[in-house]
Amino acid sequence: MDNYLNSELTAEEEIEKAKGNKHNIMSRKKSSQNDIKLLVKGLCDENGLARRNYAKAIAEFGSAALPELIKALLNSKNVIQRRAAAKTLKLVNDPSALPHLIKALTNDSDSVVQFSAAGAIAIFGEAAVNHLIIILENQEYTEMQYGLAAWCLEFIGAKAPNAIKKAAKSKNNNVKSAAISALEEHIRQSQDQEAIQLVESAINDTAENVQIEAIKLVGKLYRIESLIPTLILKLKNKNPDIRKASILSLIQLNINEAINPLKDLLEVEQDKYVRAIIKLALRKINK
2 MDNYLNSELT AEEEIEKAKG NKHNIMSRKK SSQNDIKLLV KGLCDENGLA RRNYAKAIAE
62 FGSAALPELI KALLNSKNVI QRRAAAKTLK LVNDPSALPH LIKALTNDSD SVVQFSAAGA
122 IAIFGEAAVN HLIIILENQE YTEMQYGLAA WCLEFIGAKA PNAIKKAAKS KNNNVKSAAI
182 SALEEHIRQS QDQEAIQLVE SAINDTAENV QIEAIKLVGK LYRIESLIPT LILKLKNKNP
242 DIRKASILSL IQLNINEAIN PLKDLLEVEQ DKYVRAIIKL ALRKINK
C-alpha cells in the first residue's frame, strides 16, 4: 500500500515537474520573441554600425527571428528598417524566407530594398531558381527587376548547373538569355559539353538578346574554337548591338583572323559607336 502511494506521489511530482518545464520553455520562447522584437526595432537605427550589430544579434536566433524580420521587410514604413531586414534575412539563411524576399524585390518602391532582397535571394542557390524564372517570365516588372533576377541567376551559376541548363532551354527569351549568361562559371569549371552546346545553339538563336548573351559568354570563356568563325560572321549582322558584342568578344579572345574582316567592316560601318569599337579592336588585337 505504501509503495502504491509512493508511486502515485512520484507520478504527480513528475507531472508537476513537466508542467513547470513546459512553463519555463514557454517563458523562454516568449522572452526570446520579445528580444527579437527589440532587436528588429533596432534595425531602424540610422547608424550603420549599430544596424550591423543588431543584425548579427538577430541572426543568432536563427529561424525563430523570421516572423518579425518578414513583418519588418514587407510592412515597415521605415525604409531603413526594410533595407536592413532584407540584409538580415541573408544572415539568417533560411530558404523559407524566399517567397517574402521575392515579394520585396518585385513590390517594394525602394530600389535599395530591391537590391538587398536580391542579394539575399542569390545565396539560396537552386532553391531560388524557379522563383527567379517567374520574375523573368513576367512582363509586368521593371528592367531593373529583370536585371536583378538575371544577376541572381548568374551568381547562383555553378551551384545549380542542372537548373540553369534547364532554364537555358526555356521558350521565354528573358529566361533563356539570363540562363545562358549564368552558365559561365559552370563551363569554366567543368567544360560540360551539354552546356557548351547550349551556348552554340544560343549564338544563332532567333532572339537577338539571347544571341548577344551567348556572344558575350564566348568572349569570356577563352577559346571555344568552334565558335570563333561564327563570331567573325556576326560582324556582318544587321543589328549594331550584335556587331558590338562580337567585336568586344574578338578583342577578349585576341583573334588575329578577325583583323581583315574588321578592316572591311570599318570601311562600310555607319554606326559611330561600332566604328569606335572596331578601331579599338584593330589597336588591341595581337598587340
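With my numbering applied, the sequence shown covers 2 to 288.
All C-beta atoms in this analysis are idealised placements derived from N, C-alpha and C, irrespective of residue type, glycine included.
Residue i, DSSP secondary structure in three states
{"i": "Ile-256", "result": "coil"}
{"i": "Thr-89", "result": "helix"}
{"i": "Asn-287", "result": "coil"}
{"i": "Glu-270", "result": "coil"}
{"i": "Asp-36", "result": "helix"}
{"i": "Tyr-142", "result": "coil"}
{"i": "Lys-170", "result": "coil"}
{"i": "Asp-1", "result": "The requested residue 1 does not occur in the structure, where the chain is confined to residues 2 to 288."}
{"i": "Asn-175", "result": "helix"}
{"i": "Ile-26", "result": "With a pLDDT of only 37 at Ile-26, under 50, the local geometry of the prediction cannot be trusted, and the value read off the model is given with reservation. In the structure shown, Ile-26 sits in a helix (DSSP, three-state: H, G or I)."}
{"i": "Val-275", "result": "helix"}
{"i": "Lys-31", "result": "For Lys-31, the predicted structure reports a pLDDT of 48, less than 50, and the residue's modelled location is therefore unreliable. A value from the coordinates is still provided. Lys-31: helix per DSSP, three-state reduction."}
Exposure label - residue i; buried when at least 16 CB within 10 Å
{"i": "Asn-175", "result": "buried"}
{"i": "Tyr-223", "result": "exposed"}
{"i": "Ala-55", "result": "It should be pointed out that residue 55 corresponds to Tyr in this sequence rather than to Ala. It counts as buried."}
{"i": "Ala-120", "result": "The amino acid occupying residue 120 in the given sequence is Gly; Ala does not appear at that position. Gly-120 is buried by the Cβ-count criterion."}
{"i": "Gly-148", "result": "exposed"}
{"i": "Glu-214", "result": "buried"}
{"i": "Ala-51", "result": "exposed"}
{"i": "Tyr-142", "result": "buried"}
{"i": "Thr-89", "result": "buried"}
{"i": "Asp-109", "result": "buried"}
{"i": "Gly-220", "result": "buried"}
{"i": "Gly-49", "result": "exposed"}
{"i": "Ile-44", "result": "According to the sequence shown, residue 44 is Leu rather than Ile. So Leu-44 counts as buried."}
{"i": "Gln-190", "result": "exposed"}
{"i": "Ala-277", "result": "exposed"}
{"i": "Arg-84", "result": "buried"}
{"i": "Val-269", "result": "exposed"}
{"i": "Pro-100", "result": "exposed"}
{"i": "Leu-263", "result": "buried"}
{"i": "Glu-185", "result": "buried"}
{"i": "Ser-112", "result": "exposed"}
Bounding residues of the alpha helix (DSSP H) (the contiguous stretch that carries residue i)
{"i": "Tyr-55", "result": "49-60"}
{"i": "Lys-160", "result": "Lys-160 -> no alpha helix (DSSP H), and no H or E assigned at all."}
{"i": "Phe-116", "result": "112-123"}
{"i": "Thr-107", "result": "99-108"}
{"i": "Asn-76", "result": "67-76"}
{"i": "Asn-131", "result": "127-138"}
Beta carbon proximity, residue i to chain C, threshold 8 angstroms
{"i": "Lys-217", "result": "No chain C is part of this structure, which consists of one protein chain only."}
Segments of 4+ residues assigned as alpha helix (DSSP H) that fall wholly inside the region 183-260: Residue ranges of uninterrupted alpha helix (DSSP H) with 4 or more members, entirely inside the region 183-260 and ordered along the chain, are 185-191, 194-203, 209-222, 229-234 and 241-254.
Whether or not the region 61-78 and the region 34-52 are in contact is what I'm after, with contact meaning three or more pairs of Cβ atoms, one per stretch, closer than 8 angstroms; do they touch? The region 34-52 makes contact with the region 61-78: 3 or more CB pairs, one atom from each, lie closer than 8 angstroms.
When the Cβ atoms of the region 153-166 are set against those of the region 116-134, are three or more pairs found closer than 8 angstroms? Contact between the region 153-166 and the region 116-134 is present, because at least three Cβ pairs lie under 8 angstroms.
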